[in-house]
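Just so you know, the protein sequences line up as chains D and B, in that order.
The opening residue of the first sequence carries number 1 in full-length UniProt numbering; numbering runs sequentially from there.
The opening residue of the second sequence carries number 1 in full-length UniProt numbering; numbering runs sequentially from there.
Here's the structure we're looking at; comments come further down.
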Amino acid sequence: MSEGETPIAAAVPPAEVPPLVRVSDLRKVFDVSASALERMMSGAPRRLVTAVDHVTFEIGRGETFALVGESGSGKSTVARMVVGLLERSAGRVTIDGTAVDDPATPRAERQALRRKIQMIFQDPYASLNPRWTVGRIVAEPVVTFGVLTDSRAIERRVGELLALVGLAPADRVKYPHQFSGGQRQRIAIARALSAEPAFIVCDEPTSALDVSVQAQILNLMADLQDRLGLTYLFISHNLAVVRHMADRIGVLYLGRLVEVRPARALFDDPRHPYTRMLIEAVPDLEAPSVVRDPARGEIPNPIDPPTGCHFHPRCPHVVERCRREVPALLDGVACHRVADGSI
Amino acid sequence: MAETPDPDAGFAAAILRRFAAIAESHLLYSFTRSWVVMIAAVFAVTIIAAALAAQWIAPTNPLDLASLDLMDSRLPPAWMEGGDPRFLIGTDDQGRDLLSALLYGAQMSIGISLAAVGVAILLGVTLGLISGYFGGLFDTLIMRAADVQLTFPAILTALLVNGAARALLGDQRLQGGEFWVLVVSIGLAFWVQYARTVRASTLQERHRDYVQAARLIGVPSWKILTGHVLPNVLGPVTVIATINLALAIITEATLSFLGVGLPPSHPSLGTLVRVGNDFLMSGEWWIVFFPGVVLAGLALAVNILGDWLREALNPKLR
Numbered sequence: 001m002s003e004g005e006t007p008i009a010a011a012v013p014p015a016e017v018p019p020l021v022r023v024s025d026l027r028k029v030f031d032v033s034a035s036a037l038e039r040m041m042s043g044a045p046r047r048l049v050t051a052v053d054h055v056t057f058e059i060g061r062g063e064t065f066a067l068v069g070e071s072g073s074g075k076s077t078v079a080r081m082v083v084g085l086l087e088r089s090a091g092r093v094t095i096d097g098t099a100v101d102d103p104a105t106p107r108a109e110r111q112a113l114r115r116k117i118q119m120i121f122q123d124p125y126a127s128l129n130p131r132w133t134v135g136r137i138v139a140e141p142v143v144t145f146g147v148l149t150d151s152r153a154i155e156r157r158v159g160e161l162l163a164l165v166g167l168a169p170a171d172r173v174k175y176p177h178q179f180s181g182g183q184r185q186r187i188a189i190a191r192a193l194s195a196e197p198a199f200i201v202c203d204e205p206t207s208a209l210d211v212s213v214q215a216q217i218l219n220l221m222a223d224l225q226d227r228l229g230l231t232y233l234f235i236s237h238n239l240a241v242v243r244h245m246a247d248r249i250g251v252l253y254l255g256r257l258v259e260v261r262p263a264r265a266l267f268d269d270p271r272h273p274y275t276r277m278l279i280e281a282v283p284d285l286e287a288p289s290v291v292r293d294p295a296r297g298e299i300p301n302p303i304d305p306p307t308g309c310h311f312h313p314r315c316p317h318v319v320e321r322c323r324r325e326v327p328a329l330l331d332g333v334a335c336h337r338v339a340d341g342s343i
Numbered sequence: 001m002a003e004t005p006d007p008d009a010g011f012a013a014a015i016l017r018r019f020a021a022i023a024e025s026h027l028l029y030s031f032t033r034s035w036v037v038m039i040a041a042v043f044a045v046t047i048i049a050a051a052l053a054a055q056w057i058a059p060t061n062p063l064d065l066a067s068l069d070l071m072d073s074r075l076p077p078a079w080m081e082g083g084d085p086r087f088l089i090g091t092d093d094q095g096r097d098l099l100s101a102l103l104y105g106a107q108m109s110i111g112i113s114l115a116a117v118g119v120a121i122l123l124g125v126t127l128g129l130i131s132g133y134f135g136g137l138f139d140t141l142i143m144r145a146a147d148v149q150l151t152f153p154a155i156l157t158a159l160l161v162n163g164a165a166r167a168l169l170g171d172q173r174l175q176g177g178e179f180w181v182l183v184v185s186i187g188l189a190f191w192v193q194y195a196r197t198v199r200a201s202t203l204q205e206r207h208r209d210y211v212q213a214a215r216l217i218g219v220p221s222w223k224i225l226t227g228h229v230l231p232n233v234l235g236p237v238t239v240i241a242t243i244n245l246a247l248a249i250i251t252e253a254t255l256s257f258l259g260v261g262l263p264p265s266h267p268s269l270g271t272l273v274r275v276g277n278d279f280l281m282s283g284e285w286w287i288v289f290f291p292g293v294v295l296a297g298l299a300l301a302v303n304i305l306g307d308w309l310r311e312a313l314n315p316k317l318r
């Protein structure tokens, strides 16, 4: 890293305040080998999958950072490691200066950190306990963190939150199955907001919803961000959604970041060949007759990834060096050919 | 975290909601569709209600030894020749009124079975939850123990536990404790099914996002287990519990019949059948007949109800 300690510095918005979230050299290796006994009998070696490899990014306060990628690229793995639901194999995540999931952090500080982080899940049918009333679901963080103790104050708070996400305060006595998918996602958002977090990780929050409802939920999230000054890590495979929501975008390919740049720049002038391929493939209503290049090939098997640059088997600009060396993220792009100025 | 809503109140409310949901669901409808189920329900409710009310409706108290008269022993039912109108369905070898003994005995049998199923549920559900949620070595140990126990018939397990308890406590100290020895030995014979079912459901539920959401905000594991996972894995448990109740009644009767259950002075369905068995060959059929009919009928009725419940709940309403 000849450019200095933060290779993506160029992509960080011009803000003097330190970023809220710092993720450095995040790595996750899954052991997918057979059981010890079976390995002993068949003599098969251990099989490891590197799902996330040296992922580094920062998110400024009030910013929306999006991670995009195909399925299997490691987006959700990153999200779950950032919030501490999944153990990291290596790397460091700090939020507001405190390390996430670090045994060295004092208990009280860890509890305070937990309050700042929330998550909105993909499937609103699985993320709400079917046996709990909406009021109890939304109040769970409030009660767990001891924000409010008086039951009437909790009830009032739940009512406010439900109104905030566009539901009726009286809905708190109902059960999740009495709501549609979009309404359930609103309940999940109300729960995420209830303990007043600073940072919300949204793991494909609209991909399980009807297209007609997606825009409503996205607008609600954008509106809440403006009002409450929230910071989002937005995980999605849908480029149209990301374009609508994100300030900056990181493109993941087989667990590695290949391009990290401001959203507008990335869409107007994609530089990494993979990003170009993705953006080429987005349907465009305004230019329906354009003959487009279809995305070639499929994401390789992560158990046996290509050498060097993971993208080289699909890349139209591949040279010998791409097969040998892993490209570093320079100026927000990890590509040998971009770095040497050939594309 | 004192502001957490009282878990007991939550549980009671959950049960109330359950009943409300049952009332408006198709359970009631499917109940009225089958006359077999309705007969079974009427039979089971009648027997259970009569057994529970034994103290008030029984003509005599069979536990009151002073009231017994050996001259009354082995009298046939009232409508037969030699019958005594005081004893509607005859008397047993100790001169007890068979109807009273039957009512008290059914009460004892049902009490033991209910308590035994309670022990099995408590043990099985707890172990299943912990195994499924935490996995690892504990899970392996518990599940292998369950596998081993499944290779024995339940009655053998119950006999084994019963025998061990008797050997350890000795007959002297066991006086009056037979009830609990029976409860524990039958309970230990039936926990495996609950543990396996609950473990399987827990494995599924623990990966659900609502559990992840609770983990994220640092809800302690025991609270996730009792508040989130437990209410979502109890569905199949109610079905198994109903069917197990019938099995527990039979197991108790078998143990008592084999002479390792309650002492002869305490009637239960099993002891009555055992006593009656001794006199069957001499033509005194009523001592074994009436307890036998009640035992078989009750077990069958509860079993039918359990089967119906399983079918009615199966196509998940969610």
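For every residue, glycine included, the Cβ atom is placed at its ideal position computed from N, Cα and C.
query                                                                                                                                                                                                                     : result
Flag P315(B) as yes if its beta-carbon sits less than 7 Å from any beta-carbon of chain D, otherwise no.                                                                                                                  : Low per-residue confidence applies at P315(B): pLDDT is 49, beneath 50, and the placement is therefore not dependable, though the value from the model is reported in the following sentence. Answer no: the Cβ-Cβ gap between P315(B) and chain D never drops below 7 Å.
Please report how far the alpha carbon of R92(D) lies from the alpha carbon of V211(B), in whole angstroms.                                                                                                               : 25 Å
Whether or not the segment 161-173 of chain D and the segment 200-207 of chain D are in contact is what I'm after, with contact meaning three or more pairs of Cβ atoms, one per stretch, closer than 8 Å; do they touch? : no
Taking the CB atoms as reference points, tell me whether I217(D) and Q178(D) lie closer together than 7 Å.                                                                                                                : no
Starting from I249(D), follow its DSSP beta bridges and name the residues at the other end.                                                                                                                               : A66(D), R261(D)
Which of the three DSSP states, helix, strand or coil, is assigned to R208(B)?                                                                                                                                            : coil
Does the Cβ of E160(D) have 16 or more other Cβ atoms within 10 Å, making it buried, or fewer, making it exposed?                                                                                                         : exposed
What is the rounded straight-line gap between the Cα of H228(B) and the Cα of L65(B)?                                                                                                                                     : 52 Å
Going by DSSP in three states, T151(B) sits in which element: helix, strand or coil?                                                                                                                                      : coil
With 16 as the cutoff for other CB atoms within 10 Å, does residue 344(D) come out buried or exposed?                                                                                                                     : No statement about residue 344(D) is possible, as the shown extent of chain D runs from 1 to 343 and does not include it.
State whether the segment 188-198 of chain B contacts the segment 117-128 of chain B, with contact taken as three or more CB pairs (one from each stretch) at a distance under 8 Å.                                       : yes
Give the straight-line distance between the Cα atoms of residue 344(D) and T133(D), rounded to the nearest whole angstrom.                                                                                                : Any answer about residue 344(D) is impossible in this case: the structure gives chain D only from 1 up to 343.
In angstroms with no decimal places, state the Cα-to-Cα distance between A51(D) and E325(D).                                                                                                                              : 19 Å
Looking only at C-alpha atoms, which of L99(B), D84(B), L247(B), L309(B) sits nearest to A120(B)?                                                                                                                         : L247(B)
What are the uninterrupted segments assigned as alpha helix (DSSP H) that are 4 or more residues long and contained completely in the segment 103-163 of chain D, given in chain order?                                   : 107-116, 134-145
Please classify V82(D): does DSSP put it in a helix, a strand, or coil?                                                                                                                                                   : helix
So, do the segment 138-154 of chain D and the segment 226-237 of chain D have three or more beta carbon pairs nearer to each other than 8 Å?                                                                              : no
Name the chain B residues whose beta carbon is nearer than 7 Å to that of R114(D)?                                                                                                                                        : I217, G218
So which of M41(D), S212(D), V258(D), R115(D) has the shortest CA-CA distance to D331(D)?                                                                                                                                 : V258(D)
To which residues does DSSP link S236(D) through a beta bridge?                                                                                                                                                           : V68(D)
Short check: CB of L129(B) to CB of L188(B), under 7 Å?                                                                                                                                                                   : no
Exposed or buried, what is D304(D) when buried is set at 16 or more other beta-carbons lying within 10 Å of its beta-carbon?                                                                                              : exposed
Thinking just about the alpha-carbon of each residue, which of D209(B), A106(B), G118(B), W191(B) is nearest to the one in V148(B)?                                                                                       : W191(B)
Tell me whether R47(D) sits in a helix, a strand or coil according to DSSP, three-state version.                                                                                                                          : coil
For E311(B), which beta-bridge partners are listed by DSSP?                                                                                                                                                               : Its beta-bridge partners do not exist; DSSP assigns none.
Rounded to the nearest angstrom, what separates residue 356(D) and G62(D) at their Cα positions?                                                                                                                          : The shown model of chain D, from 1 to 343, leaves out residue 356(D), and the question about it has no answer.
Could you check whether the Cβ of S127(D) sits closer than 7 Å to any Cβ belonging to chain B?                                                                                                                            : yes
Is it buried or exposed for D92(B), if we count other Cβ within 10 angstroms and need 16 for buried?                                                                                                                      : buried
Which first and last residues belong to the alpha helix (DSSP H) in which T94(D) is found?                                                                                                                                : Per DSSP, T94(D) belongs to no alpha helix (DSSP H); it is in the beta strand (DSSP E), 90-95.
In chain B, what lies closer than 7 Å to T56(D) by C-beta?                                                                                                                                                                : Ordered by position in chain B, no residue passes the 7 Å Cβ test against T56(D), which lies about 23 Å from the chain.
Look up L141(B) in the DSSP assignment and give the residues it is bridged to.                                                                                                                                            : BP columns for L141(B) are empty, so no partner.
Closer than 8 Å by C-beta to H237(D): which residues in its own chain qualify, once you throw out the five before and the five after it? Chain order, please.                                                             : V68, G69, E70, S71, K75, E204, S207
Any contact of the segment 93-113 of chain B with the segment 141-155 of chain B, i.e. 3+ C-beta pairs under 8 Å?                                                                                                         : no
If you reduce the DSSP assignment to three classes, tell me which class V322(D) lands in.                                                                                                                                 : Here residue 322(D) turns out to be Cys, not Val, going by the sequence shown. In the structure shown, C322(D) sits in a helix (DSSP, three-state: H, G or I).
Rounded to the nearest angstrom, what separates V142(D) and A195(D) at their Cα positions?                                                                                                                                : 5 Å
Run through chain D and tell me which residues come within less than 7 Å of residue 375(B), C-beta to C-beta.                                                                                                             : The question about residue 375(B) has no answer, for chain B in this structure spans 1 to 318.
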